[in-house]
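J.:
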Amino acid sequence: MTDRISRETIYDEAIDPDFIDTIVDAGADRIRTCIQCGTCSSVCPSGRRTAFRTRELMRKALLGLKDEVLSSPDLWLCATCLTCLERCPRQIKVTDAIIIMRNMAVAEGYMLPQHRKSSKKLLETGHAVPIDDANRAKRKNLGLKEIPPTTHSNEKALHDVQKIMERTGFKKLIEEEKEEE
Amino acid sequence: MTESKTYSFFLGCVMPNRFPNIEASIRLVLPKLGIELEDLEGASCCPAPGVIRSFSEPTWLALASRNLALAETAGHDLLTGCNGCYGTFRETLSEIHEHPERLKEVQDVFKGMGLKFQGKVEAKHLIEVIYELDPEDIKKHITKSLEGIKVGVHYGCHLLKPSKNRPWKQTQRHTFLDELVELTGATSTKYKDKFLCCGAGGGVRGSQVAVSVDIAKEKLDNMIEAGVDCIVNVCSFCHLQYEASQVQLNKELGEKKYQIPVLYFTQLLGLAMGLDPIELGLGVHMINTQPLLDKILGN
């Protein structure tokens, strides 16, 4: 039988030594203490049915494989159930680390089209899941206000919410589409 | 009877815009328990802790702070019925309490908008407030025992985790929701992987629906095996996940294997309080609740 294990070389160019510092500074302060025990992967509901491995993601982050991590769709398989964060024997805020890397991915232009769509709805209406005709009717039949007392029925409130998203750079981030889509 | 207390009722997105029947049951049941609700006028999306927070954490923090600021100005603690919104508010408050510079950052974003925010408000899940009541007081409202009904209790994730920033005595193997369910006379049935995620959060339902539904399927199969009559949850997004996933799974299978009625906790409690199922919103579910109602009401 021939040796089927192929060599995988990580070239120096793929390593960004600042990547892990950015993750630590953003709040995942104990990530360097990872011992690769795999507890995170073993409790992951997404990992049970996909090739997503939290442990691998942590290792790649520690190695500084920034582009590989940020461009990978696997980064978006975490359901943020927080079980890995609870169970990590090193008390690493694993979920926080994933969220930090997702923020970096979006800043680099890696955003799934469905996520951009929900974000646009938030920008337009103040709700990521806005009201529709069917649910207006359902509300009315249930004796509720047909339009909920949220940004949906308050123009000043919607304006404030939009202003906030402009000031935090969210509007620009979502509307300015980079390489994706 | 304990004195009634008023809260600013935060709706979020999924509850008012997709499952207003949950909202109706909350508005009907809570005041009867002495929990008064005042609308949080002009509130927005919380925003979602695994979705918007994943895209732009500073935007998430600022919008969450705005919703909290509205409650702070109203002079009440904020009350939510969604685990995701609950997670967002708990984590936002802990972030600004632990890092005062983040509060300053938010206040800078609010400049000139007339929004005052000091982070002095509290955010509670309605199940937390119900659990704080004297169980004997709750029992006094129960006129229709749900004895014989087997409930699959689903807690959800953000209600319980991160445990460091949650009010529960235990960090795992919680029982508070089971205790509340059993006050109605129903039985909380053991099933495999009860504390597993529903699969909806983190933007997974939005972008990788097959993976998301497969996670829900695992829990649904475990509940079917345990022979539950219904699922009881306390999160509008978990509620959506169980309702919509069953419809989708049936469609894929070409048979109606998945028929477990999905009830929000206040719908179950409302039934035990003898309230009208239609007023509790039980007539507009994606999975028919009639078999359960027949069993309870003995039709």
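Protein sequence lines correspond, in order, to chains A and B.
Take any residue in the first sequence, count from 1 to its spot, add 10: that is its number in my numbering.
Take any residue in the second sequence, count from 1 to its spot, add 2: that is its number in my numbering.
Cβ atoms here follow ideal geometry from the backbone N, Cα and C, with glycine treated the same way.
In this text, all values refer to a predicted model and were calculated from it rather than measured experimentally.
Taking 7 Å as the cut-off, decide whether the C-beta atoms of Ala76 of chain B and Ser10 of chain B are in contact.
T.: yes
J.: Using the three-state DSSP reduction, which class does His125 of chain A fall into: helix, strand or coil?
T.: The answer is helix: DSSP assigns His125 of chain A an H, G or I state.
J.: Hey, is Val116 of chain A's beta-carbon within less than 7 Å of any beta-carbon in chain C?
T.: The chain inventory of the structure shown lacks chain C, comprising the protein chains A and B.
J.: Indicate whether at least one CB of chain B lies closer than 7 Å to the CB of Cys47 of chain A.
T.: Chain B contact via Cβ: absent.
J.: Run the CB neighbour count on Arg55 of chain B, radius 10 Å, all protein chains shown included, and call it buried at 16 or more, exposed below.
T.: buried
J.: I need the boundaries of the beta strand (DSSP E) containing Thr82 of chain B, first residue and last residue.
T.: In the DSSP assignment, Thr82 of chain B falls within the unbroken beta strand (DSSP E) covering Leu80 to Thr82.
J.: Is any beta-carbon of chain B found at less than 7 Å from that of Glu189 of chain A?
T.: Note on Glu189 of chain A: pLDDT 48, under 50, position unreliable in the model; no value is reported.
J.: Terminal residues of the continuous alpha helix (DSSP H) containing Thr75 of chain B?
T.: Glu59 to Ala76
J.: Taking 7 Å as the threshold (beta carbon to beta carbon), is Lys163 of chain B in contact with chain A?
T.: yes
J.: By DSSP's criteria, His127 of chain B is part of a beta bridge. Which residues make up the other side?
T.: B:Thr82
J.: For a contact meaning CB atoms closer than 8 Å, what does Ile41 of chain A contact in chain B?
T.: What Ile41 of chain A touches in chain B: nothing, since even the nearest Cβ is about 16 Å away.
J.: For Asn19 of chain B and Asp143 of chain A, what's the separation of their Cα atoms in angstroms?
T.: Cα to Cα, Asn19 of chain B sits roughly 10 Å from Asp143 of chain A.
J.: Please state whether DSSP places Phe12 of chain B in a helix, a strand or coil.
T.: strand
J.: Cys193 of chain A lies in the alpha helix (DSSP H); which residues open and close that run?
T.: In the structure as shown, chain A begins at 11 and stops at 191. Residue 193 of chain A is therefore absent and cannot be evaluated.
J.: In the DSSP output, which residue or residues are listed as bridge partners for Glu38 of chain B?
T.: B:Thr8
J.: Between the C-alpha atoms of Ile28 of chain B and Ile157 of chain A, what's the straight-line distance to the nearest angstrom?
T.: 17 Å
J.: Would Asp84 of chain A pass as an interface residue toward chain B - the criterion being a Cβ-Cβ separation below 7 Å?
T.: no
J.: Got a sec, what are the start and stop residues for the alpha helix (DSSP H) Val155 of chain B sits in?
T.: Counting along the chain, Val155 of chain B falls outside any alpha helix (DSSP H), though it belongs to the beta strand (DSSP E) covering Lys152 to Val155.
J.: Taking the alpha-carbon of Cys47 of chain A as reference, which of A:Phe180, A:Ile108, A:Arg69 and A:Leu80 has the nearest alpha-carbon?
T.: A:Arg69
J.: Please check if any C-beta of chain B sits within less than 7 Å of the C-beta of Lys253 of chain A.
T.: Nothing can be reported for residue 253 of chain A, as the shown portion of chain A is limited to 11 through 191.
J.: When you compare the CB positions of Gly83 of chain B and Phe239 of chain B, do they come within less than 7 Å of one another, or not?
T.: no
J.: Which class does Met3 of chain B belong to by DSSP, given the choice of helix, strand or coil?
T.: At Met3 of chain B the pLDDT is 48, less than 50, meaning the model places this residue with poor confidence; the figure from the coordinates comes in the next sentence. Coil at Met3 of chain B, not helix or strand.
J.: Check whether chain B comes within 7 Å of Cys94 of chain A, counting only Cβ atoms and requiring the distance to be less than that.
T.: no
J.: Use the C-beta contact count for Ser51 of chain A: other C-beta atoms within 10 angstroms, 16 or more gives buried, fewer gives exposed.
T.: buried
J.: Could you tell me the distance, in whole angstroms, from the CA atom of Gln101 of chain A to the CA atom of Ala38 of chain A?
T.: 10 Å
J.: Please say whether Gly74 of chain A and Pro123 of chain A have beta carbons closer to each other than 7 Å?
T.: No, Cβ-Cβ distance for Pro123 of chain A and Gly74 of chain A is not below 7 Å.
J.: Following the continuous beta strand (DSSP E) through Val331 of chain B, name the residue where it begins and the one where it ends.
T.: The first residue shown for chain B is 3 and the last is 301, placing residue 331 of chain B beyond what the model contains.
J.: Less than 7 Å between C-beta atoms, sequence neighbours within five positions excluded: which residues of the same chain meet that for Leu80 of chain A?
T.: Met111, Met114, Ala115, Glu118 and Tyr120
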